[in-house]
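Trainee: Quick note on numbering that gives the first Met the number 0: the sequence shown kicks off at 0 and runs consecutively. Input: one structure, supplied below.
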Amino acid sequence: MSVAERNNIRLQGAGDRTMVFAHGFGCDQNMWRYVEPAFRNRFKTVLFDHVGAGHSDLAAYDAAKYASLSGYAEDVVQIGRELDLQNAVFVGHSVSAMIGALALKQAPEMFADLIMVCPSPRYIDDGDYVGGFAADEIEELLTSLADNHMGWSSAMAPAIMGNPDRPELGEELTNSFCRTDPEIARQFARATFTSDNRADLPSVKARTLILQSSDDIIASEQVGEYVHKSIPGSRIVYLKASGHCPNLSAPDEVISAVAKFV
């Protein structure tokens, strides 16, 4: 099986540099459909699905490998080597922001710019650090997902998306969650929501942009500011967009912020 087949890689655009778009938990590359085309005239663009998502090869899923985010980061590095990436731009939404940071540690020459859309290095509160959830809340969330995947998706996706005045957005995210294999979703959720990548942030050497949404129940402004303060020289842009998926709810804002940065 090739890397391209495993991760359902799609190449578009033209340019001297490459921009890689990585989706978050419960999603696939389709979540970038409003943003990625805007950069095809300046960059070669790369879309892909994490193993277990979208049209990736489900046979490649290895529960041991993907029990932590490092397994997904290994895949990003393999994709980069397959495409001979150097000095590229990595755009990661949600958990893929941290996957990108981990990939940078493995192959620092691969990405010169890191763009984190609604990132969180840790979702569980820890002392003075406010991730947004108590440990027992995360366990309750994971148990609920394991017990009733469809019900969990229907309840959580609209809350994560926000924008209650635009219910079609929450419906799209619900459908995306529901398409994911329940067992893979359960394991990816555990890898995501129990992760702690705070110690990895100070070593990020790439130029870094953080896009912070408002009213984001998954990654609050306090979390975004923590990421900003922890990555040397990083920039943060506060979007007018609300909810955790501005790439869907406010793509023009995301395009504008990214274009100004790169």
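Positions of the beta carbon are idealized from the N, C-alpha and C atoms, including for glycine.
Return the Cβ separation of Ala-198 and Pro-118 in integer angstroms, given the expectation that the two are a contact with Cβ distance under 8 Å.
Mentor: Contact doesn't hold; Cβ gap of about 15 Å is too wide.
Trainee: Taking Glu-136 as the reference, give the member of Tyr-128, Asn-147, Asp-124, Asp-146 with the closest Cα.
Mentor: Asp-124
Trainee: Pick helix, strand or coil for Lys-204, following the three-state DSSP scheme.
Mentor: coil
Trainee: Between which two residues does the beta strand (DSSP E) carrying Gly-91 extend?
Mentor: 87 to 92
Trainee: Per DSSP, what kind of secondary structure is Thr-191 in: helix, strand or coil?
Mentor: helix
Trainee: To the nearest angstrom, how far is the alpha carbon of Val-90 from that of Arg-185?
Mentor: 24 Å
Trainee: Which residues mark the beginning and the end of the beta strand (DSSP E) in which Val-236 is found?
Mentor: Here the beta strand (DSSP E) through Val-236 covers 234 to 241.
Trainee: Please classify Pro-107: is it buried, with 16 or more other beta-carbons within 10 angstroms of its beta-carbon, or exposed?
Mentor: exposed
Trainee: Exposed or buried, Glu-35, counting other C-beta atoms within 10 Å across all chains shown (16 or more means buried)?
Mentor: buried
Trainee: Pull up the DSSP beta-bridge partners for Gly-10, would you.
Mentor: In the sequence under discussion, the amino acid at residue 10 is Leu, which differs from the Gly named in the question. Answer by DSSP bridge pairing, in chain order: Val-45.
Trainee: Taking the CB atoms as reference points, tell me whether Val-94 and Phe-24 lie closer together than 7 Å.
Mentor: yes
Trainee: Starting from Ala-72 and walking both ways along the beta strand (DSSP E), at which residues does that stretch end?
Mentor: Where Ala-72 is concerned, there is no enclosing beta strand (DSSP E), although the alpha helix (DSSP H) it sits in stretches over 68 to 81.
Trainee: Could you work out which residue in Lys-204, Asn-162, Arg-234 is closest to Ala-102 when comparing CA atoms only?
Mentor: Lys-204
Trainee: Tell me the DSSP secondary structure of Arg-5 in three-state form.
Mentor: DSSP, read as helix, strand or coil, puts Arg-5 in helix.
Trainee: Can you name, in chain order, every residue of its own chain whose Cβ lies under 7 Å from the Cβ of Ser-69, other than the five neighbours on each side?
Mentor: Leu-101
Trainee: Taking all protein chains shown into account, decide if Asp-27 is buried (16 or more other Cβ within 10 angstroms of its Cβ) or exposed.
Mentor: buried
Trainee: Out of Asp-48, Asn-40, Arg-16, point me to the one whose CA is closest to Asp-30's CA.
Mentor: It is Met, not Asp, that sits at residue 30 in the sequence shown. Among Asp-48, Asn-40, Arg-16, the Cα nearest to that of Met-30 is on Asp-48.
Trainee: Do you know whose CA, among Gly-150, Val-222, Glu-73, lies nearest Asp-214's CA?
Mentor: Val-222
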